[in-house]
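Chains as they are written, first to last, in our numbering: chain A, 69 to 290; chain B, 69 to 290; chain C, 69 to 290; chain D, 69 to 290.
Structure first, then comments.
There are 4 protein chains.
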Amino acid sequence: MTGQEKVEARKIKILEAAAKVFAGKGFQDATISEIANAAGTSEATIYDYFATKEGLLFSIPLGPVQQLRETAEFHLRLIKGAANKIRAFLYLQLLFYRNNRDFASVLMLILKQNRRFLDTQAHKMIREFLKIFDHMIKEGMDSGEFRSDIDPYLLRSAGLGAIEHVTTNWLMLGQPDDDEFLGMIDPMIDTLIMGIQNIEETGICPLELSKIKKNKTGGDKK
Amino acid sequence: MTGQEKVEARKIKILEAAAKVFAGKGFQDATISEIANAAGTSEATIYDYFATKEGLLFSIPLGPVQQLRETAEFHLRLIKGAANKIRAFLYLQLLFYRNNRDFASVLMLILKQNRRFLDTQAHKMIREFLKIFDHMIKEGMDSGEFRSDIDPYLLRSAGLGAIEHVTTNWLMLGQPDDDEFLGMIDPMIDTLIMGIQNIEETGICPLELSKIKKNKTGGDKK
Amino acid sequence: MTGQEKVEARKIKILEAAAKVFAGKGFQDATISEIANAAGTSEATIYDYFATKEGLLFSIPLGPVQQLRETAEFHLRLIKGAANKIRAFLYLQLLFYRNNRDFASVLMLILKQNRRFLDTQAHKMIREFLKIFDHMIKEGMDSGEFRSDIDPYLLRSAGLGAIEHVTTNWLMLGQPDDDEFLGMIDPMIDTLIMGIQNIEETGICPLELSKIKKNKTGGDKK
Amino acid sequence: MTGQEKVEARKIKILEAAAKVFAGKGFQDATISEIANAAGTSEATIYDYFATKEGLLFSIPLGPVQQLRETAEFHLRLIKGAANKIRAFLYLQLLFYRNNRDFASVLMLILKQNRRFLDTQAHKMIREFLKIFDHMIKEGMDSGEFRSDIDPYLLRSAGLGAIEHVTTNWLMLGQPDDDEFLGMIDPMIDTLIMGIQNIEETGICPLELSKIKKNKTGGDKK
DNA sequence: AATGAATGAGGCTTCATTCAT
DNA sequence: TATGAATGAAGCCTCATTCAT
Numbered sequence: 069m070t071g072q073e074k075v076e077a078r079k080i081k082i083l084e085a086a087a088k089v090f091a092g093k094g095f096q097d098a099t100i101s102e103i104a105n106a107a108g109t110s111e112a113t114i115y116d117y118f119a120t121k122e123g124l125l126f127s128i129p130l131g132p133v134q135q136l137r138e139t140a141e142f143h144l145r146l147i148k149g150a151a152n153k154i155r156a157f158l159y160l161q162l163l164f165y166r167n168n169r170d171f172a173s174v175l176m177l178i179l180k181q182n183r184r185f186l187d188t189q190a191h192k193m194i195r196e197f198l199k200i201f202d203h204m205i206k207e208g209m210d211s212g213e214f215r216s217d218i219d220p221y222l223l224r225s226a227g228l229g230a231i232e233h234v235t236t237n238w239l240m241l242g243q244p245d246d247d248e249f250l251g252m253i254d255p256m257i258d259t260l261i262m263g264i265q266n267i268e269e270t271g272i273c274p275l276e277l278s279k280i281k282k283n284k285t286g287g288d289k290k
Numbered sequence: 069m070t071g072q073e074k075v076e077a078r079k080i081k082i083l084e085a086a087a088k089v090f091a092g093k094g095f096q097d098a099t100i101s102e103i104a105n106a107a108g109t110s111e112a113t114i115y116d117y118f119a120t121k122e123g124l125l126f127s128i129p130l131g132p133v134q135q136l137r138e139t140a141e142f143h144l145r146l147i148k149g150a151a152n153k154i155r156a157f158l159y160l161q162l163l164f165y166r167n168n169r170d171f172a173s174v175l176m177l178i179l180k181q182n183r184r185f186l187d188t189q190a191h192k193m194i195r196e197f198l199k200i201f202d203h204m205i206k207e208g209m210d211s212g213e214f215r216s217d218i219d220p221y222l223l224r225s226a227g228l229g230a231i232e233h234v235t236t237n238w239l240m241l242g243q244p245d246d247d248e249f250l251g252m253i254d255p256m257i258d259t260l261i262m263g264i265q266n267i268e269e270t271g272i273c274p275l276e277l278s279k280i281k282k283n284k285t286g287g288d289k290k
Numbered sequence: 069m070t071g072q073e074k075v076e077a078r079k080i081k082i083l084e085a086a087a088k089v090f091a092g093k094g095f096q097d098a099t100i101s102e103i104a105n106a107a108g109t110s111e112a113t114i115y116d117y118f119a120t121k122e123g124l125l126f127s128i129p130l131g132p133v134q135q136l137r138e139t140a141e142f143h144l145r146l147i148k149g150a151a152n153k154i155r156a157f158l159y160l161q162l163l164f165y166r167n168n169r170d171f172a173s174v175l176m177l178i179l180k181q182n183r184r185f186l187d188t189q190a191h192k193m194i195r196e197f198l199k200i201f202d203h204m205i206k207e208g209m210d211s212g213e214f215r216s217d218i219d220p221y222l223l224r225s226a227g228l229g230a231i232e233h234v235t236t237n238w239l240m241l242g243q244p245d246d247d248e249f250l251g252m253i254d255p256m257i258d259t260l261i262m263g264i265q266n267i268e269e270t271g272i273c274p275l276e277l278s279k280i281k282k283n284k285t286g287g288d289k290k
Numbered sequence: 069m070t071g072q073e074k075v076e077a078r079k080i081k082i083l084e085a086a087a088k089v090f091a092g093k094g095f096q097d098a099t100i101s102e103i104a105n106a107a108g109t110s111e112a113t114i115y116d117y118f119a120t121k122e123g124l125l126f127s128i129p130l131g132p133v134q135q136l137r138e139t140a141e142f143h144l145r146l147i148k149g150a151a152n153k154i155r156a157f158l159y160l161q162l163l164f165y166r167n168n169r170d171f172a173s174v175l176m177l178i179l180k181q182n183r184r185f186l187d188t189q190a191h192k193m194i195r196e197f198l199k200i201f202d203h204m205i206k207e208g209m210d211s212g213e214f215r216s217d218i219d220p221y222l223l224r225s226a227g228l229g230a231i232e233h234v235t236t237n238w239l240m241l242g243q244p245d246d247d248e249f250l251g252m253i254d255p256m257i258d259t260l261i262m263g264i265q266n267i268e269e270t271g272i273c274p275l276e277l278s279k280i281k282k283n284k285t286g287g288d289k290k
């Protein structure tokens, strides 16, 4: 390891320790001392890498968001159709949260409510990342895959809101458990997308409702 | 004003001041001294009414949630149809947030991320309040108004998540502005509900789920 | 009960409550609120009777010391011989402590270390009370019952010191238990008095002081 | 001075400052700020060394008691005879109090009345130290130097009680003054010891205990 | 005479941050 | 580059005490 690499490695160690401690106790209740302990360094060393406690907090997403973005871009390139892309996009996000619980906690429970975070490089990266979502919506509307009367902002809100709500619940309550957490995303996204798809375009309609209904609801009715 | 009333009035004044200050600066950055000032009392008096700073925070929702619940129950009694009820329920919530911005801030940006809040009387009230939502979903499914294959938890997540997301954005960014904020709720709810309505019932569109699923999975494989 | 008596009764109730609370938690950790509770009154009422918390503390001994003094004077009048009087005096003191544990705690553990207590009416009463002890010592020396070479101050110190030490131990440790506590006083006083009695006078033992001294000094030399 | 030594030196400085301030104003009326001032440090530094104000208080005796113990053990090794040892033991204690007035104040006026102090390392050291006294008493009784009918606990109480009483008086009243304070100890100890020495053993006086007892009881009856 | 209610004053304690080594 | 040690700044909370009723 070169000196440069060693420095980078330690920085990452600090960030991971910080994510863990912040996730566990919240920003205010976490102390630099605790983070230093968890990172195996001294408090002073942390200040060699980050100017302030809040600066450290705001640096946590830089790596993960970059990573998530690259993953998303890699996968999305292979997928056709706006609906499918959106499904994948949301799915990858949830998957990422599940695999990086500390980061998810920091992002959902701490950063999302910090006004100063809005002026941050990390927040800019997140905005950039979410533009992908907007593009996909636009793509779906342009291509006719989605109904033309939907409001992109609303779809975005519903999609991201649902993700956030589910993730926050998972983080706060531990329910549903890790496996179920991912399993639920598919039908949820279905429901969302169903509401916006252009039925003519998909060519699925006219549907024989009675059949579907019988199929699926039959049991319920009896 | 009797002595009892005066006490109650002062308590409410403190709670309102606390909501305002907490909303403005967050829990940790708010000081009791500031709240006392805003309430026109001394710090010590606040401790005559609330045992701790956090206890004060946790008491803020008690009044508003009660009020919101009564409003919702009053209106919902007059509405027929699960979809319409849900629309009204979500709308009333947003309306209430818009009219009680401080309370909304405290709830969305502070309390939602506090684990200890979960064990609170106020949180219990919120859970009770949201049961109304669950009942409405069940009602829609039982009556056949909603498709029977939706997962109630998911619908709940999407609905509340969207509300929270929109509200949080409004609080954090000031966008969209107050008027637009309410205006957007109608189409958003439409979109959501459209995804779950039973098409036979509404006579609009038969969706073929199997195809969508196939399509989706195919995409993932590529 | 006349009004005057009722007032007096309440005052006593407050003093007893105060003794109890002070004894249990010490002066600083006791609160007026607690004392008011224990006395069945309000805090404000306590201030109708006593000007300050410390004034209340300083008033606690007034009754008990008066009572102890009267008891002592009554009994001592019946006893002949300085040694016997001293024994009785010390015994009555211990008996009183045992029967008034809260008062003993307040006196031994709180008041004895308070410099301001020295300027107090209650302290003056205690000094007066202890003059009885000095008189008895003088009586014993004058009559020849005690050796003439003892230092009255020293005897006083040893006698009172032993009492205080035993009482303090009892209060702090609960050892020895209540019954044993009294039982031990007799032999202790014997030991003390034995050291000061004039053997010629009592006809028991021709104590050759010079030899004892020699002996003692001899020991040092070896 | 190495870093380690500097730290130790500062710790001692804080302890000395604390002893001084606590001695002067009592525990509750002393402030950390004052102690910090007296020690030439900041308040926060004190908390780097001691967890709480009370923890600081409880740490004060650690050094002095250790020192006193070593002194006592050194001197006692050179002395023969239980009476002489006891005299030396008590004398060294008083001498130590006189030379460390702040420590004496803290011990006699503050710590002795604190129940929590009983569970302290420092209190354990004191108990260990006083075991020396118990051993000496036992030694005197085993060797026949002391009468066999004395109760060791009582002798201990009388000895320590007298010391405490005299010391407390000196601390509270400033009387007798420093020089006299030490001068009085010799005759006081003589008096004490005279009461317990075995006269047969010393060959001085056949003390007829039965008679004394009779005498005493007779007095009570009259 | 009794008290419910209000408050001024102040201390302990915590940490983020700095700096000399 | 790393850190042990020091500290300034600040806030929560407690109560003795007062006063209007």
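No residue lacks a Cβ here, since even glycine has one placed at the ideal position from N, Cα and C.
Please read all numbers here as calculations on a predicted model, not as lab measurements.
C-alpha distance - residue i paired with residue j, whole-angstrom precision
i, j, result
"D/Gly187", "C/Arg195", "In the sequence on display, residue 187 of chain D carries Asp and not Gly. In a straight line, the C-alpha of D/Asp187 is about 35 Å away from that of C/Arg195."
"B/Leu136", "C/Gln96", "47 Å"
"D/Pro255", "D/Glu248", "12 Å"
"C/Ser225", "C/Asp202", "11 Å"
"A/Phe214", "B/Ile253", "20 Å"
"D/Glu141", "D/Ala190", "18 Å"
"A/Ala104", "A/Ala119", "14 Å"
"C/Ala87", "B/Thr236", "57 Å"
"D/Lys192", "D/Arg183", "13 Å"
"B/Gly303", "A/Gly229", "The structure shown does not extend to residue 303 of chain B, since chain B spans only 69 to 290, so no value can be given for it."
"A/Ile218", "B/Leu241", "23 Å"
"A/Asp116", "A/Val75", "11 Å"
"D/Phe185", "B/Lys93", "43 Å"
"B/Glu257", "A/Gly149", "A small fix is needed here, since residue 257 of chain B is Ile in this sequence, not Glu. Each residue's alpha carbon lies about 25 Å from the other."
Status (buried if at least 16 other CB within 10 Å, exposed otherwise) for residue i
i, result
"C/Leu146", "exposed"
"A/Glu232", "buried"
"B/Val133", "buried"
"D/Ala77", "exposed"
"C/Ser216", "exposed"
Three-way DSSP call (helix, strand, coil) for residue i in this model
i, result
"A/Ser278", "Unreliable positioning characterises A/Ser278 in this predicted model, as indicated by a pLDDT of 33, which lies under 50. A coordinate reading is not provided."
"C/Phe118", "coil"
"D/Gln265", "strand"
"C/Phe214", "strand"
"A/Lys93", "helix"
"D/Asp219", "coil"
"B/Gly149", "coil"
"A/Ser225", "helix"
"A/Ala106", "helix"
"A/Asn167", "helix"
Contacting residues, own chain, Cβ-Cβ under 7 Å from residue i (five flanking each side not counted)
i, result
"D/Leu223", "Ile205, Ile264"
"C/His143", "Ala156, Leu160"
Cutoff 6 Å; reference residue i; Cβ partners in own chain excluding five residues on either side
i, result
"B/Tyr159", "Ile253"
"C/Ser211", "none"
Sequence-distant residues of its chain with Cβ nearer than 8 Å to residue i (five each side left out)
i, result
"A/Leu239", "Arg169, Ala172, Ser173, Met176, Leu177"
"B/Ile261", "Ala151, Ile154, Arg155"
"B/Pro220", "Asp202, Ile205, Lys206, Met209"
**Message:** For the structure I just gave you, are there three or more beta carbon pairs, one from the segment 105-118 of chain D and one from the segment 139-157 of chain D, closer than 8 Å?
**Reply:** Here the segment 105-118 of chain D does not lie against the segment 139-157 of chain D, with fewer than 3 beta-carbon pairs under 8 Å apart.
**Prompt:** So, do the segment 161-175 of chain B and the segment 75-95 of chain A have three or more beta carbon pairs nearer to each other than 8 Å?
**Reply:** No: fewer than three Cβ pairs fall under 8 Å.
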